[in-house]
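A quick write-up on the structure given underneath.
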Amino acid sequence: MNIALLAPELILATFASLVILVDLFLSPSAKRANLYLTLAGIALAAAAALSLVGRNTTSFYGMLVVDDFAIFFKLAFLLAAALVAMSAVPFLERYPGAEGEFYGLMLFSTTGMMLMAGTRELISIYLALELTSISLYLLAGLAKRDSKSSEAALKYLLLGALSSAVLLYGMALLYGLSGTTELAGIAKAAAVGVSPAMLLAVAMLAAGFGFKIAAVPFQMWAPDVYEGAPTPVTAFLSVASKAAGFAVVVRVFTVALGSVQADWVSLFAVLSALTMTLGNVVALTQQNIKRMLAYSSIGHAGYLLLGVAAASDAGVSSVMFYLLVYTVTNVAAFTVVILASRAIPDDRIDGYAGLHRRAPLLAFAMAVSLLSLAGLPPMAGFFAKFYLFAAAYQSGLIWLVVLGLINSAISLFYYVWVIRQMYLVAPTGEEPVRFPAVAFTSLVVAVVGVLALGVLSDPFLGFARVAATTLVH
Amino acid sequence: MPYLSLIIFLPLAAAMAIALAPRDWARWIAGTASLVVLALSMQAFSIFDRAATGFQLTEKAVWIPQFGVSYFLGVDGISLPLVVLTGLLTFIAVLASWRLELRPKEYFALVMVLETAMMGVFTALDLMLFFLFWELELAPMYLLIGVWGGPRREYAAMKFILYTIAGSVFMLVGIFALYFSSGKGTFDMTVLAAQQYAAGFQLVVFMLLAIGFAVKIPVFPFHTWLPDAHVEAPTAISVLLAGVLLKMGGYGLIRLPFGMLPDAARELAPWIAALAVVNVLYGAAVSMVQEDLKKLIAYSSVSHMGYVLLGAAALTGVGLQGAVLQMFTHGTITGLLFLMVGLVYDRTHTRIIDKLGGLGARMPAIAVVFVIAGLASLGLPGMSGFVAEFLVFVGAFPVWQAATILAAFGIVITAGYLLWMLQRVFMGPLPPQWAGLGDASRLELFTVGVMVAVIVGVGVYPSVLTDVIKMGVVPMAQRLAGM
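If you read the protein sequences in the order shown, they are chains R and P.
Letter by letter, the first sequence follows residues 1 to 473 in my numbering.
Letter by letter, the second sequence follows residues 1001 to 1483 in my numbering.
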């Protein structure tokens, strides 16, 4: 048992408790200290995670696994947490007193995600998932005076509990069939023969995880929660929570269920087709930018499922790279929404009219991230999609690649619609949009990531490729 | 000196400089950068070895080895004239926008990004790099039409972007097919082109790639975005659209499907020749009935790009030479025609032919240059259009006699609609409301004068271009002939 292998999670959990504790003694004017404490914790955890690269070992009787696959995801979660922590400043200025809870819960949730990515044992997966989710339910309802936020939290909680139950049922079936909760043991048992109960378990796991990643037909919570939750929480949900879901999906299905691969490949292929088509088509009609980004994130879950369905090392590494790119891109887009919300309180897309006059930098950042989401070069989204579709093509899913490309074309329409508002339509007001510097820092980092990650994708893709091969061994 | 990298990235650097510089500097930065790029492309043209086939001025660097992507640039006889054309027309476009008042910083920055994309398409020898530049052109073009265009600019800009992206869906699948089936793990075009592919596979991939380029050329029935985009785009953007962007389609068609899949090209050549005739005759016939000057020129582009298709479908050295030369000459001639329409419109604020008339009396210089452009477009000997179309016909006639004869009728119709248009705009009695109009300014005269010089120069001394083009098309024609 090597406790050092758990260092990143331990550090983060410690800082989470610390933030909540310290917050009690901070005067209202010194609340910014929460942010610095959070960033320090994230930095330390990231350093600890980086020091474990290449170790590829397990601990705690196989419950904890420290492979490059897990570390890639942990770093992605930490990046998302750091960016969102900074972006949240304008929101927290409007809700004084919520700082300690926001940062503390966010760190706990991140800890849970890191454990999700770093285990191959069903009970640990479930516990980590619940730690993540319960923190997120609370975060969604953080704006207590806002009835929409409460509604979002309640919906998220109820549907989340339902999906957890389904997931548990699937896990119980797997345990019943194999007599073990370890993924490797399940794989051994499953290799003997496929029973209908096994397929039922696969379906239930897919449904349970499908909820976490907002895949159709388990997506109905996403638009309401995304719209109602405080925008920084939405940003965090849309990137980190989704990435964590995919980390678990990839690990569970690749490691434990290789013997029924043909079955889950077709299942995910169908889910992918449904998810990307519904997400992109419904996004076309949205008036609220947070709802639009919610449907867009459903669409992206569809593309990502395409990489899962590819069921190859290339597929896994392209999913990892895509999630990294998607994280910085979506955080950039949501940060603009946060920073612009003072001028556009109702988050309506119409409100972005003429933003290039009132806040040229915000408009540029938004345009860059939307074009990246649409997959246009030289933004990182182009490269991420290129790798993802190439992996799917290689695995013979050509019809899905075509559908994905058609969906990308559709998505261009609603992304460009926002750009049209910002650049082609006359502004409604003239006064410039003001925003705090620290949140702007996060935006700059994210936009630089969007512009640079693609052109300089080789090292990241290389790491993801190595990490993908560590998954099965 | 890395000429091609400089040619591609200098405009991008200029775009960034424009974003940071004061508003009044924008046009000067863009003008200087585009002039330097033009000079660099002329220099590249002059040091090009006219006795060697294959790619020259190549630059190759490892870029994304994980994926077999390299930063690989180079030009041959097919792409080099188009690089010069892009340099020339971008410079002209900047000059033609010199007096722009509306949001000049964004405008000139976007024009510069557009130049980067166009140059990249013509020089990239790596399929992913090619596709990257191909898509890079979309966002600047959307904004250039959408912000600075005419009344229906948003519709036209959106239609342009959706048509192109729909085409690139098929193109990307074709690129993946080449990449994976070659088994070489590289996007290097020269390596991929050297492979042998199964006949059925070639046919499918040829069509996938060709659809993407057909939208851009545009080939009937994928052409309907073009009149909309042209009518709404501002003058300088129309020049670039007709002058360079359509050539991206023609160039891509010759470089990728024709250059890489020769068996499929032979198989499909009759169909391409037939589409060429449809393009020539349909475009010309529709031009005949247009009431809007810009729409007339736009449909004439559809007609003239048909000759590019016909020359390519001949699969012979002469035919391909004609096709490439036609791309260059059409770029200059149609660019000039759009400039002239812009000059008339700036003064009269209408492009409806029926409302114009007798303008020759008020603006003799504009009338003269417009007539020169019209004559060049209808293929008058002594100007570049004649040489190109002549080569196309000479190359295509032995192979596709009926198609060539039919396409030659296009010239007659072209003469009809252009001369008739010139007559209605510049001859006859001058309507009283146009009595106070003035002629072209010195800057405008310089701008169009450069274009006239190029058109006449290539027309009188075509071997300045054909010597270069020949070195590019000869090896391709040999492959297409199955040698």
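All C-beta atoms in this analysis are idealised placements derived from N, C-alpha and C, irrespective of residue type, glycine included.
For residue 1066 of chain P, a Cβ of chain R is located within less than 8 Å of the residue's own Cβ. Neighbours of residue 424 of chain R in chain P, taken as residues at a C-beta separation under 9 Å, are given in chain order as 1143, 1146, 1147, 1153, 1154, 1157. One Cα belongs to residue 1468 of chain P, the other to residue 1448 of chain P, and the distance between them is close to 25 Å. If only uninterrupted beta strand (DSSP E) runs of at least 3 residues are considered, none is enclosed by the stretch 243-272 of chain R. DSSP places residue 1320 of chain P within a helical segment (H, G or I) once states are collapsed to three. Among the CB atoms of chain P, one or more fall inside 8 Å of the CB of residue 462 of chain R. For residue 1180 of chain P, at least one C-beta of chain R is nearer than 8 Å to its own C-beta.
For the 8 Å CB-CB criterion, residue 1440 of chain P and residue 1343 of chain P form a contact. Distance from the CA of residue 334 of chain R to the CA of residue 1120 of chain P, rounded to the nearest whole angstrom, comes to 32 Å. With contacts defined as CB atoms closer than 8 Å, residue 177 of chain R and residue 201 of chain R qualify as a contacting pair. Counting along the chain, the unbroken alpha helix (DSSP H) around residue 1136 of chain P starts and ends at 1127-1136. Contact residues of the stretch 155-167 of chain R toward chain P are absent (C-beta to C-beta distance below 8 Å).
Below the 9 Å Cβ cutoff, chain P contributes 1166, 1169 as neighbours of residue 406 of chain R, in chain order. At a cut-off of 8 Å, the C-beta of residue 286 of chain R has no neighbouring C-beta in chain P. In this model, residue 1456 of chain P and residue 1416 of chain P are separated by some 22 Å (Cα to Cα). In the DSSP assignment, residue 1187 of chain P falls outside any alpha helix (DSSP H), carrying neither H nor E. DSSP places residue 1072 of chain P in the uninterrupted beta strand (DSSP E) bounded by 1069-1075. Taking C-beta atoms under 8 Å as the contact rule, residue 415 of chain R and residue 321 of chain R fail to qualify, at a distance of about 21 Å. Counting the other Cβ atoms within 10 Å of the Cβ of residue 1400 of chain P gives 16 or more, which makes it buried. Note: residue 1056 of chain P is bridge-paired with P:1075 in the DSSP secondary-structure output. Neighbourhood of residue 196 of chain R in chain P, by CB distance below 9 Å: empty, with the nearest CB roughly 36 Å away. Burial state of residue 276 of chain R is buried, judged by a 10 Å Cβ sphere holding 16 or more other Cβ atoms. For residue 458 of chain R, the residues of chain P that pass the 9 Å Cβ criterion are 1062, 1063, 1064, 1065, 1066, 1067, 1069, in the order they occur in the chain. Sixteen is the threshold: when 16 or more other Cβ atoms of the shown chains lie within 10 Å of the Cβ of residue 187 of chain R, as they do, the residue is buried.
Here the alpha carbons of residue 1067 of chain P and residue 1186 of chain P stand approximately 7 Å from one another.
Residue range 57-59 is occupied by the beta strand (DSSP E) that includes residue 57 of chain R. For the options R:66, R:26, R:17, the alpha carbon positioned closest to that of residue 4 of chain R is the one of R:66. Contact of residue 1213 of chain P with chain R by beta-carbon distance below 7 Å is absent, the smallest such distance being about 16 Å.
With respect to the 8 Å criterion, residue 1055 of chain P and residue 1082 of chain P are not classified as neighbours on the basis of their beta carbons.
For the stretch 1370-1400 of chain P, the set of residues with a beta-carbon nearer than 9 Å to any beta-carbon of chain R is empty. Interface flag for residue 1176 of chain P against chain R is set, since a Cβ pair is found closer than 8 Å. Per the coordinates, the alpha-carbon of residue 1419 of chain P lies some 13 Å from the alpha-carbon of residue 1300 of chain P. Interface flag for residue 60 of chain R against chain P is unset, since no Cβ pair is found closer than 8 Å.
Look at residue 1352 of chain P here: in three-state DSSP terms it is strand. By the criterion of a C-beta distance shorter than 7 Å, residue 455 of chain R is surrounded in its chain by 378, once the five residues flanking it on both sides are discounted.
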